[in-house]
Amino acid sequence: AETYLTQQVVGTSTHKDFKTSNSTSTFDAWGKLLSVRENTPGGKVDDRLRYFTMDAEGNILRRTEGTFKNGVFEQDDAARLRTEHMRLPTASTSRPAVSTARPTCWGR
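Each residue of the sequence shown is one higher than the last, beginning at 1 in the UniProt record's numbering.
See the structure below:
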């Protein structure tokens with residue numbers, strides 16, 4: 001069976017109030033999602049970013065949201081609230097699983 005990973009999606013509209021937007025996904029060597037970067041030229045921010053930390057089976061352990069402004073990843077209070085720690089799917093898990101892994105270089 002063949003498997004496809006979507007790397008980029010471009011959305012356009014003929015409606016005057018909607019802007020063209022690009023969504024670019026990055027994956028590791030095993031096909032696990034690392035990040036999604038959304039860009040709307042002329043929007044309020046350069047880019048909106050979501051980073052993912054996965055377990056060995058590809059389940060999301062943590063999703064971190066923020067923006068990319070002037071080459072720097074930033075999180076305001078609202079983005080910090082949207083950062084989610086996921087629980088492992090076992091009955092013995094009493095706390096959210098947390099990874100301290102951070103991306104070091106994005107947007108190449």
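The beta carbon of each residue, even a glycine, is placed where N, CA and C say it ideally should be.
{"query": "How is the alpha helix (DSSP H) around D47 delimited, first residue to last?", "result": "Careful: D47 lies outside any alpha helix (DSSP H), inside the beta strand (DSSP E) at D47 to M54."}
{"query": "Are the beta-carbon atoms of T64 and R48 separated by less than 8 Å?", "result": "no"}
{"query": "Can you tell me which of the three DSSP states L34 falls into?", "result": "strand"}
{"query": "Who are the Cβ neighbours of S9 in its own chain at under 6 Å, not counting the five residues just before and after it?", "result": "Reading off the sequence shown, one finds Val at residue 9, where the question assumed Ser. Correct list, in chain order: S23."}
{"query": "With distances taken Cα to Cα, identify the nearest neighbour of S35 among T20, H15, G71 and R62.", "result": "R62"}
{"query": "Applying the 10 Å Cβ sphere with the 16-neighbour rule, what's the burial state of S13?", "result": "exposed"}
{"query": "On the CB-based measure, 16 or more other CB atoms within 10 Å of its CB, does R82 come out buried or exposed?", "result": "exposed"}
{"query": "Should G71 go down as buried or exposed, given a rule of 16 or more other Cβ atoms within 10 Å for buried?", "result": "exposed"}
{"query": "Kindly indicate the opening and closing residues of the alpha helix (DSSP H) around L61.", "result": "Element bounds for L61: not the alpha helix (DSSP H) but the beta strand (DSSP E), I60 to K69."}
{"query": "Take G31 as the anchor and find which of N39, M54, A79 and K16 has the nearest alpha-carbon.", "result": "M54"}
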